[in-house]
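First the structure, in the form of structure tokens, and then the observations on it.
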Amino acid sequence: MLFSISELRKVQSGDVLLKEGDVNSNVHLVLSGLLRSYVINSSGDEKTVLISKENMRAASLNSFLHKRPSEITIEAIEPSTILIINSNLFQQAIISNENLALLEKQGMRSYLIDATERLHLLTVLSPEERFIRFRDEHPDLIQRVPQMYLASYLGVTTVSLSRIKSRIAKQG
Numbered sequence: 000m001l002f003s004i005s006e007l008r009k010v011q012s013g014d015v016l017l018k019e020g021d022v023n024s025n026v027h028l029v030l031s032g033l034l035r036s037y038v039i040n041s042s043g044d045e046k047t048v049l050i051s052k053e054n055m056r057a058a059s060l061n062s063f064l065h066k067r068p069s070e071i072t073i074e075a076i077e078p079s080t081i082l083i084i085n086s087n088l089f090q091q092a093i094i095s096n097e098n099l100a101l102l103e104k105q106g107m108r109s110y111l112i113d114a115t116e117r118l119h120l121l122t123v124l125s126p127e128e129r130f131i132r133f134r135d136e137h138p139d140l141i142q143r144v145p146q147m148y149l150a151s152y153l154g155v156t157t158v159s160l161s162r163i164k165s166r167i168a169k170q171g
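Residues in the sequence shown are numbered consecutively from 0, following numbering that gives the first Met the number 0.
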């Protein structure tokens, strides 16, 4: 059922799936590869807010739910295969399909949990603790995510990230 309301797309590193200012009408499910979602702050700096790996979703939820222009941009950071699920078709399909309705409920729950954990990560943990948590929870991403995006995601500069990694390696 899901494949009948979606499109399979292969994208390259640097390809943009959603641009800030566009209305998000799709959910992007990563089958292989990596996506990052980022915002641009008032100083013009990109701030990575989400890194989506295999079996994770990427969407601008505010734009998706309220049909407003997106505040985020979603781009591939390595060659990726994405299942693009159309919002309107999905909403129609869940009316008659309990499994899809359950999938949506689980997706929203997962999003809420992830957002709560991300808030905790940025407000309570030190930069070093943030890196350790990320490394422990996503060891496969340490080498895959470019350092500038990882630093941005952790809320530190690339120089600070390098120092944190160096300190941790010395403690070893």
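Glycine included, C-beta positions come from ideal geometry on N, C-alpha and C.
Round the Cβ separation of residue i and residue j to the nearest angstrom and send it over; I've been treating them as touching at under 8 angstroms.
i, j, result
"leucine 34", "isoleucine 93", "In fact, because the Cβ distance is near 24 angstroms, the residues do not count as touching under 8 angstroms."
"serine 69", "serine 62", "4 angstroms"
"valine 10", "serine 79", "5 angstroms"
"leucine 153", "proline 126", "6 angstroms"
So what's residue i in DSSP terms, helix, strand or just coil?
i, result
"lysine 46", "strand"
"glutamate 77", "strand"
"isoleucine 71", "coil"
"arginine 143", "coil"
"serine 36", "strand"
"valine 158", "helix"
"glutamate 116", "helix"
Just how far apart, CA to CA, sit residue i and residue j?
i, j, result
"arginine 56", "glutamine 90", "17 angstroms"
"isoleucine 183", "glutamate 103", "Residue 183 cannot be examined here, being either before or after the span of the chain that is shown, 0 to 171."
"glutamate 53", "asparagine 96", "25 angstroms"
"isoleucine 141", "arginine 134", "6 angstroms"
"glycine 43", "tyrosine 37", "12 angstroms"
"alanine 100", "leucine 30", "21 angstroms"
"valine 158", "threonine 115", "27 angstroms"
"arginine 129", "serine 161", "14 angstroms"
"glutamate 6", "serine 41", "35 angstroms"
"arginine 117", "alanine 58", "16 angstroms"
"asparagine 98", "glutamine 105", "10 angstroms"
Going by CA-CA distance only, name the one from the options that's closest to residue i.
i, options, result
"aspartate 139", "Gly32, Ser3, Gln105, Lys9", "Gly32"
"isoleucine 131", "Ser86, Ile83, Ser165", "Ser165"
"aspartate 174", "Ala100, Leu49, Leu160, Leu82", "Past the edges of the chain, shown from 0 to 171, lies residue 174, and the structure says nothing about it."
"glycine 13", "Lys169, Thr157, Pro145", "Pro145"
"isoleucine 81", "Ser5, Arg143, Met147, Leu28", "Leu28"
Excluding the 5 residues flanking residue i on each side, which residues of the same chain have their C-beta closer than 6 angstroms to its C-beta?
i, result
"aspartate 21", "Ser69"
"serine 24", "Ser86"
"lysine 66", "Val22"
"serine 151", "Lys46, Thr47"
For residue i, which residues of its own chain have a beta-carbon under 7 angstroms away from its beta-carbon, when the five flanking residues on both sides are left out?
i, result
"leucine 60", "Tyr110"
"arginine 108", "none"
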